[in-house]
Every structure is written in C-alpha cells, then in structure tokens.
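Reading through the structure tokens given below for one structure.
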Amino acid sequence: MAKVAAPTLNYTVDCTDPSRHIYRVALALANLAPGPHRLTLPAWAGGYEIEDFSRHVFDLAVQDAAGQPLAVDKVAKNVWAFAAPAGAATVTYAVYAFELGTTRSHLDDTHAYWNGGTLFFYLDDLKELPIRVQVRAPAGWHASTALAADSHEPLTLHAAHYDELVDSPVEVGTHRRYEFRVDGKRHTVAIWGSGNQDDAQLVQDIRRIVEAEAALFGGLPYRNYTFIFHIAERGTGGLEHKNSTTCGFERFSFQPAARYRRALSLIAHEFFHLWNVKRIHPDMLGPFDYTQEVHTHLLWAMEGFTSYYAPLLLRRAGLYTVSDYLEALAQDAQRYESQPGRYVMDLSRSSFDTWLGEYHPNEDTLNRAMSYYLKGSLVGLALDLEIRSRTGGRRSLDDVQRLLFERYGQYDRGFPEPAYQAAAEEVAGGSLAQFFGRYINGLDPLPLDTLLATAGLALTRRWKPAGDEAASRAVPPAWLGITTRTEAGRLFVRTAYDPGPAAGVLDAGDQLMALAGWRIPDASALDQRIPSDYRPGDPVDITAFRRDRLVTRRVTLGAAPPTHYQVERVQRPTAAQIATYQAWLSAEWPRDDA
Ligand SMILES: [Zn+2]
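Residue numbers (our numbering): 295 to 888.
Pasting the structure below:
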C-alpha cells in the first residue's frame, strides 16, 4: 500500500513594499486531496470583538501546479472556495495593513506587525498541520515572535498548527531587542517606537514581574516568551497569547511614577494571561472558533481575576508599595460603587454579553452594565480574602489558580464552566454557593468593608470639593448627577446617572448653556458651583440646547456619592488581622517598604 504524503502549507509574507501598507501573501499547498477547498479567514482573534479581518483582503487568486488559474468563489464574508485537482495549488492575495492595534496588522517603512488572524487563512480539516512562514522583508529587518525560527534563516518561521500561527503575533523591523533569562527560559522584549520610557529600567522591571508570576505558579510553562511593545502616539492596551503578548503604550505614558505603574500593571496583566485564559480556561476559550462569537460566563475569572492579580503581583515583585496597591484598590472600589449598573447586570451576564457591551460602550453603559474587569477584580479580592479567612490563612486564591493549572492548564485542556466554582470550593474547604449566588450570579453589593477588615484595613469614603484638593468632607455635597464631555469648546451631557437627580430631566447630548440663568463656561464651573452654592434637595434650572432648541429644565439636586476612597490600616489590629495583611500584601505590618 502506498503511503499518502500529508499536505504541506507554506506561507510567504512579502513586506518589501511597506510604504503602500500592503502585504503580498502566498500560500503554497502541496499534496492536496482533490475536491472543493474552503479558505477561511478569522472574523476575530482573541479580542472578544468581531473584527472581520477579511475586509482588508483583495486580489485573491488560486493557481494550479502548472500556474493555470483556478475558479474561486467567495461564499461568505470571510470564506473563499476553490476546486482543485489533487496535487499542488498556490493561493495569492493582498492584505491592506495600516491599523496599529494588538489584534490588527500594520505595515509601514518602519516595521511590519501582524496578528495572524488578519493574514492567514485556514483550510477546513488542515488546521492541525504544521505551517511554515517565510518573511520577505527590507534589508536589515529582523523578526521577534514566539514562533520558532530557523537558526540559519531567522525570517523563516514555523508554527506547529494553525492555532499557534494565529496565537503568535510577529514584529519585523529594526526594533530594539532585549533578552533575559528566568528559570533558563529566554525572554525577549521587542520595542518599536519610543517616548519617555527607559528601556533598561523597563526590561529590569519586566524580569521582576516574570519572577513574581513564576513563583506563584511554580515555574514557567513555555520554552521562550516574547513581549512585543508598540510605543506610539495613541492606543494603550494589550492582547495575551500563550507564549507572547503585544502591548501598546502611549508615547509619553511612562512618566511620572503613577503612570509608569499603570504601564507595568498592563504588562503584569497580559503576562498573567499566559496561565489564566491561555492555559486555564473554560472549553469555549481554546482553541477559539475564529468564525463567530464564543460565549462564556467566566470572563470575571479570566479577565477580572487577571486584573486583580496584576497589581498584587507588582506588590509581590516590589514594584508597588503597599500604599500604591491600596490606592489602586480604593480607586476600583470607588468606580464600582459609583456605577448604577452594578444593580442591573450581574457578572455572569456581563461576561456572556461581552460581544455586545464591553467593547461597545454607549451613554447608557454606566447605568445598565457592569464591567467584568472592574467588578471581577474586586470579586477576586473578595474570594481571596474569603478563602484566607475560612482557612485561617493556610490557603488563598493562589491555590485555586495552581489547582486549575495542575488539573487542566498544564495539559492545555479546557474545563466545563462549573469546574471553576468546584476548584474554589475544594481550596476553601466548603461550599461557596452563597458567595457565587450573591456576587457573581447575583447583584448583592460586594461586602468590601467586612472583607478588608479581615486584613486590618478600613475603607473610608469621603468627598473632596473641586478646586480644593486639601479639603475633605464627611457629608455629601449637592450633586447634579451627570457626566459631561467637551467637544470643540462646547459642553454636553454624556450620561445622566439613573437613578440620579438628572435622570429623565436632562438627556445625553444636551448642550449645557446656563445654570440658574448664568452661563456655564466649562465643566469645572459646574463642578465648583453646584457643591459650593447649593445643598442636596435644592432645585436648580439648567438651560441647554436639545437638538438645537433651547430648553430649561428644573433639576432637584441630589446628594453626591463619595468621590474619594481610601484604604487605611486600623488603629488596633488583632494578631489574625496582622497575619492576613502580611501574607496577602507581602509586607510587614505597619511598615510600607517597597
Ligand atoms: Zn486581559
């Protein structure tokens, strides 16, 4: 019996004409079975948003082994079909790439960057085959990616299968490249662009992040890892992959220290994802079905807990002081408690509906939705402190993460959704049905005060009058209950809090003109005059243009929700509180050393 050779898939990506922002791509197929074949390009690639990358594809053609054109049909927005006899065929096409973004592709005379989902088709039934990618680039360009490269030909890359190809973004150009090793594993930091960052400091701090996260999980589950950083005029955000991440930073976002801490927090977040989401994940999240939305109820754990861990791990790495950490926590608590949507959307639905909501906010989002990032990170805190309290400090959320990694993540195996709660209960040593019912599947307010008290901490909620940062008051000032936006010097209502004093009275889009008959020159005038000149319960007339028509509406001012949250140590802690504080924050009570 003759052995049939397996089909081979060889891509060539030509970026030698970067100024027109067009990749010329060829897919050489050999040992192809006869029959109709379908070429599918992902509609999304990790960003929980349908991005329809096929809108940038043009000039697609297929030739047989003799170079004769074959008939091609476009059969769906992202699917092309062709019939080929057995043997070889070559697919050629062009991709316009001029979008800088972690899930997108960009090509100009300074570099080439691609997320594989924008560039590479798959053939049904051939997704498990290895793929070779040869990059043709201008002279002097080098590649940084988690894909394996030929040692003698560094622009020839290899993916074990299609999922690895799409999960491994590639940066090609003259970017700066730094390397360090942790646990014998090579880490590459590839930086395109610059601003007010200090490369050496950044690389040193990333190493500490890697070490802190490796300590949590007891090792690093990859051969090598690549950080691709884009430093540009706009666009902060990151996308996680199994063995790499792409992070975008605004050019001047590395100074002062508070902004730099946020940059480090993004890196710690994306790096944590190599476990949480890329290896520890519900069935639906890996490998992705790239053609359509995939739904999970667990993004509060996948994204929210990752957001909980990022600053906590920076604390463990010594890159946040206790004060830095508690300040970030207080800000999250304030954002969560000031959002009416926390009484409308539970975390389970927030996760399921991410395709509708999280990346498509509108003026009503504040009132009707709750982010699984924000509340999810506070639920991470709550669950961590709950487990520490129940087990007398012997176990923590770290043990849940490790358990899920040992049981599923290290084998690249998804789990059924109930397995998450089961793992947490196994670690906690008892039922968490009430916890999950109230805070994840329900709308109960998070008991932040009670939980923080277990670590000897108290949350204080106060008001700071605008323009007087030194002052602080314990009683609420008057409140109009809107957020605003300014466009071309004109001030508009963005959202009226609902419930709130302006709900049903002022509309999103109203152009604010006068307060009690006096012109409103800008947002700060509103912020200052309402708390200083009025009290909660006072009526006030607001004049606004509503769709070009001048209207005056009377608002009965409310009491402002607290604007200034602080987490502070209690005066007389118990031994148990001190022990929880020290174990959780990796710090001695009450010292605050980095
Ligand atoms: Zn994330």
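Every residue, glycine too, gets a C-beta built ideally from N, C-alpha and C.
Source: prediction; values computed, not measured.
Classification of residue i by the beta-carbon crowding that lies within 10 angstroms, buried from 16 upward
| i | result |
| --- | --- |
| residue 575 | buried |
| residue 772 | buried |
| residue 538 | buried |
| residue 726 | buried |
| residue 882 | exposed |
| residue 440 | buried |
| residue 298 | exposed |
| residue 468 | exposed |
| residue 645 | buried |
| residue 661 | buried |
| residue 590 | buried |
| residue 677 | buried |
| residue 559 | buried |
| residue 618 | buried |
| residue 327 | exposed |
| residue 475 | exposed |
| residue 818 | exposed |
| residue 658 | exposed |
| residue 888 | In this predicted model, residue 888 has a pLDDT of only 42, less than 50, meaning its place in the structure is not dependable; the value taken from the coordinates is given anyway. Classification for residue 888: exposed. |
| residue 705 | exposed |
| residue 546 | exposed |
| residue 827 | exposed |
| residue 305 | buried |
Beta-ladder partner(s) of residue i, from DSSP
| i | result |
| --- | --- |
| residue 603 | Bridge partners of residue 603: none, in fact. |
| residue 466 | 406, 437 |
| residue 806 | 838 |
| residue 486 | 524 |
| residue 305 | 321, 427 |
| residue 845 | 838 |
| residue 338 | DSSP lists no partner for residue 338. |
| residue 453 | 425 |
| residue 367 | 375 |
| residue 329 | 378 |
| residue 757 | 767 |
| residue 542 | 524, 531 |
| residue 357 | 363, 384 |
| residue 443 | 451 |
Check whether residue i and residue j have beta carbons under 9 Å apart
| i | j | result |
| --- | --- | --- |
| residue 322 | residue 303 | yes |
| residue 598 | residue 670 | yes |
| residue 453 | residue 445 | no |
| residue 542 | residue 413 | no |
| residue 563 | residue 540 | no |
| residue 754 | residue 859 | yes |
| residue 411 | residue 584 | yes |
| residue 759 | residue 853 | no |
| residue 811 | residue 795 | no |
| residue 502 | residue 481 | no |
| residue 430 | residue 307 | yes |
| residue 785 | residue 816 | yes |
| residue 459 | residue 425 | yes |
| residue 375 | residue 330 | yes |
| residue 565 | residue 511 | no |
| residue 851 | residue 832 | yes |
| residue 388 | residue 316 | yes |
| residue 809 | residue 829 | no |
| residue 427 | residue 450 | yes |
| residue 572 | residue 534 | yes |
| residue 745 | residue 668 | no |
| residue 640 | residue 561 | no |
Proximity test, residue i beta-carbon vs ligand 2 heavy atom, cut-off 8 Å
| i | result |
| --- | --- |
| residue 588 | With respect to small molecules bound, the structure shown includes ligand 1 and not ligand 2. |
Chain D contact for residue i (CB, 9 Å cutoff)
| i | result |
| --- | --- |
| residue 551 | The displayed structure is made up of one protein chain only, and chain D is not part of it. |
Beta-carbon separation (whole angstroms), residue i vs residue j, contact threshold 8 Å
| i | j | result |
| --- | --- | --- |
| residue 417 | residue 318 | The Cβ separation is near 20 Å, so there is no contact. |
| residue 800 | residue 849 | 7 Å |
| residue 372 | residue 399 | Rounded, the Cβ-Cβ distance is 15 Å, inconsistent with contact. |
| residue 711 | residue 592 | 6 Å |
| residue 356 | residue 366 | 5 Å |
| residue 672 | residue 718 | The pair is not a contact, with the Cβ atoms about 16 Å apart (cut-off 8 Å). |
| residue 682 | residue 690 | 5 Å |
| residue 840 | residue 804 | 5 Å |
| residue 472 | residue 497 | 5 Å |
| residue 438 | residue 484 | 4 Å |
Could you tell me whether the region 651-661 touches the region 612-625, using the rule of 3 or more Cβ pairs below 8 Å?
no
Tell me, please, whether the region 390-405 touches the region 312-319 by the rule of three or more beta-carbon pairs shorter than 8 Å.
yes
Any contact of the region 578-594 with the region 538-555, i.e. 3+ C-beta pairs under 8 Å?
no
Mind the definition here: the region 350-360 touches the region 421-435 only if three or more C-beta pairs lie below 8 Å; say whether that holds.
Not touching, per the Cβ criterion.
Would you check if there are 3 or more beta carbon pairs closer than 8 Å linking the region 858-874 to the region 593-612?
As far as the Cβ criterion goes, the region 858-874 does not touch the region 593-612, which means the pair count is below three.
Touching by the beta-carbon criterion (3+ pairs, under 8 Å), the region 746-756 and the region 874-881
Touching, yes.
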